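Residue numbers (this note's numbering): 7 to 244.
Down below is the structure, laid out as structure tokens.
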């Protein structure tokens, strides 16, 4: 069976995109190079800031840039697309409208993965940028699956935003990891039964938690492999 080609809208940020590609490789059962998934990647760090557009106000919308990236990836031969950034999924519809091929939705995939892997869970702790909370990106997908979302308390949320910015700047030292641990402890203290890593930067340092973790980037990577190998059907394009 012919394998499909994955197109990745990346650069948001660049290290998170490389991390996603590493995960795709790790999820592939390969004996030689030819067994790996062909990916066409636009690792474009010039995409306008999602934080400025959604949090700070007045920032340029990333939608036109992302739609253009999608069209180019389709023209270059991608059979389906994915977006290597949770917050950028606010513009998923704009990308899908710009192309004729399916665009995987990491948010829907992650909510479904939580429900399938942890069927008894009811409360999830969301580790994400404040823009994800403010735009309620995960609210509907989780509500449809009977999941209540817990967010970090305001102080911890700002601490988490600092962690994300540090990782984007290339800092993953003990101080950054300690700040991240403080945030995860806040969520577990609130009663989170599962932690959802809903920021592709955070997946780079996440690990060693006392409660189960579902990493959106890992869910996406696994789906990319399953879709490319045609073990999972392509989403329907409306």
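From the three backbone atoms N, C-alpha and C, an ideal C-beta is built for every residue, glycine too.
Computed from a predicted structure; not experimentally measured.
Assigned secondary structure, residue i (DSSP; H/G/I helix, E/B strand, else coil)
i	result
residue 105	coil
residue 139	helix
residue 41	helix
residue 243	coil
residue 56	helix
residue 113	helix
residue 66	coil
residue 166	helix
Sequence-distant residues of its chain with Cβ nearer than 8 Å to residue i (five each side left out)
i	result
residue 80	13, 87, 105, 106 and 107
residue 59	65, 66, 67 and 68
residue 210	21, 22, 25, 173 and 178
Residue nearest to residue i in terms of C-alpha spacing, selected from the options
i	options	result
residue 62	241, 239, 237 and 141	141
residue 242	156, 123 and 85	85
residue 127	148, 110, 113 and 138	148
residue 82	55, 118, 144 and 15	15
residue 32	229, 240 and 237	229
residue 51	75, 207 and 19	19
residue 145	114, 71 and 53	114
residue 122	11, 240, 143 and 220	220
residue 137	103, 125, 204 and 11	204
Proximal residues to residue i (C-beta, below 6 Å), its chain only, five neighbours per side dropped
i	result
residue 116	222 and 225
Inter-residue spacing [alpha-carbon to alpha-carbon] between residue i and residue j
i	j	result
residue 129	residue 198	5 Å
residue 218	residue 47	31 Å
residue 152	residue 132	15 Å
residue 29	residue 227	6 Å
residue 4	residue 27	Coverage of the chain is limited to positions 7 through 244, which leaves residue 4 absent and any answer about it impossible.
residue 244	residue 101	13 Å
residue 187	residue 166	10 Å
residue 120	residue 201	9 Å
residue 55	residue 176	17 Å
residue 37	residue 212	29 Å
residue 155	residue 238	28 Å
residue 232	residue 134	26 Å
residue 208	residue 150	25 Å
Close-in-space but distant-in-sequence residues of the same chain around residue i (CB under 7 Å, 5 per side omitted)
i	result
residue 98	89, 109 and 111
residue 72	15, 53, 94, 97, 100 and 101
- Do the segment 157-170 and the segment 178-197 touch if we need at least three Cβ pairs shorter than 8 Å? yes
- Message: With three or more C-beta pairs closer than 8 Å as the rule, is the segment 63-81 touching the segment 25-43?
- Response: The segment 25-43, when compared against the segment 63-81, does not touch it at the 8 Å Cβ threshold.
- Is the segment 175-183 close to the segment 83-103, with three or more CB pairs under 8 Å? Touching, no, given that fewer than three Cβ pairs across the two stretches are closer than 8 Å.
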